[in-house]
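Q: With our numbering applied, the sequence shown covers -13 to 82.
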Amino acid sequence: MVKRLMDTGKCLFEFCACYVSSQQGGPNYADGAVVALDIVAYAPDRIIGGTNFPHNMTQKTEDSLNDAALLDSVLGWLPDRDAVQKAVVSNPARLF
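1. Which residues share a DSSP beta bridge with F1?
2. With a threshold of 16 other CB atoms inside 10 Å of the CB of K(-4), please say whether the residue is buried or exposed.
3. Anyone know if the C-beta pair for L57 and V70 falls short of 8 angstroms?
4. Going by beta carbon distance, what residues of the same chain come within less than 7 angstroms of P13, once the five residues before and after it are set aside?
5. Using the Cα positions of Q9 and D66, report the straight-line distance between them to the nearest angstrom.
6. So D24 is in the alpha helix (DSSP H); what residue range does that whole segment cover?
7. Does E(-5) come out as helix, strand or coil in the three-state DSSP assignment?
8. Could you spell out the range, first to last residue, of the alpha helix (DSSP H) harbouring Q71?
9. Can you name, in chain order, every residue of its own chain whose Cβ lies under 6 angstroms from the Cβ of V20, other than the five neighbours on each side?
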């Protein structure tokens, strides 16, 4: 369904909140990576990278995420510098 929405040209996929749905957890969120790698291979021009900061679901300081580690994981799902450039610069610039 996500791919069909992306095919319309009216939907972007944001790499950001893998920690919310991950059953395996960080720092690599391997189960989220499976989905992310599929999406980046399918439509690299339709991806926006991020961390979903400020993590509104966090209630206690000790539950806070390490944003640097999360960003490393998210960027690690992108295959090369061109894909990173698209996800964090070019694609967001087109959107905003």
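Note that the Cβ used here is the ideal one computed from N, Cα and C, for glycine as well.
For clarity, every value in this text was computed on a predicted model and none was experimentally measured.
A: Once the coordinates are examined:
1. Along the sequence shown, read from residue 1 onward, the residue named residue 1 stands at position 15. BP columns for F1 point to G35.
2. Mapped onto the sequence shown, residue -4 falls at position 10. Classification of K(-4): exposed, given that the 10 Å Cβ count is below 16.
3. As a first step, residue 57 is located in the sequence shown; it is residue number 71 there, counting from the start. As a first step, residue 70 is located in the sequence shown; it is residue number 84 there, counting from the start. Going by C-beta atoms, L57 is not nearer than 8 angstroms to V70.
4. Reading the sequence shown from its first residue, position 27 is the one you call residue 13. Closer than 7 angstroms at Cβ, skipping near neighbours: A55, S59.
5. Counting from 1 along the sequence shown, the entry for residue 9 is found at position 23. Counting from 1 along the sequence shown, the entry for residue 66 is found at position 80. About 27 angstroms.
6. By one-based count along the sequence shown, residue 24 stands at place 38. In the DSSP assignment, D24 falls within the alpha helix (DSSP H) that extends over 16 to 28.
7. For the purposes of this step, residue -5 is identified with residue 9 of the sequence shown, where counting begins at 1. The sequence given here places Gly at residue -5; Glu does not occur at that position. In this structure, G(-5) counts as coil in the three-state DSSP scheme.
8. Start at 1 with the first residue of the sequence shown, and residue 71 comes out as number 85. Counting along the chain, the alpha helix (DSSP H) containing Q71 begins and ends at 67 to 71.
9. As a first step, residue 20 is located in the sequence shown; it is residue number 34 there, counting from the start. Excluding positions up to five away in sequence, the list is empty.
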